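Take a look at the structure below.
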Amino acid sequence: MRFISHLDLMRLFHRALRRAGLPVAITKGFSPRVKMSIMKALKLGVESSAEEALFYMNEKLSPQEFMARLNTKLPDGIKMVSAIGDDLNA
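For reference, each letter of the sequence shown is one residue, going -14 to 75 in my numbering.
Here it is as structure tokens:
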């Protein structure tokens, strides 16, 4: 998986989120997209064991449920190891 580009990684997560049936937020505008962000784009060929990503949901979901549902749809070589929930509307 170290030879996957940043844009391909974004597509990979988009597909995994859709397949897992998670209630992801969609951007508004001409080209709607899943609201997510991977904090740091790695260079092609660079391997990492701890990257941060931000996923926006339309519904409340426990971090454990989110992680479990997403991990079942991720390919070999990519795995979520922790998730933290944050309610920004509180």
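Virtual Cβ for every residue (Gly too), placed ideally from N, Cα, C.
Since the model is a prediction, treat every value here as computed from it, not as a measurement.
Notebook entry, point to check: Is Leu46 helix, strand or coil when you go by DSSP?
Noted result: coil
Next item on the list: At 3 residues or longer, and completely inside the stretch 16 to 46: list those beta strand (DSSP E) runs for me, N to C.
Entry: With a minimum length of 3 residues, the continuous beta strand (DSSP E) runs that stay inside the stretch 16 to 46 are 21 to 23 and 38 to 40.
Notebook entry, point to check: Are the beta-carbon atoms belonging to Ala39 and Ser16 less than 8 Å from one another?
Noted result: With the sequence shown as reference, residue 39 is identified as Leu, and Ala is not the correct amino acid for it. Cβ atoms of Leu39 and Ser16: not closer than 8 Å.
Checklist line | Residue environment, Phe(-12), which counts as buried when at least 16 other CB atoms sit within 10 Å | finding: exposed
Notebook entry, point to check: Is the stretch 1 to 15 in contact with the stretch 24 to 38, if contact means three or more CB pairs nearer than 8 Å?
Noted result: no
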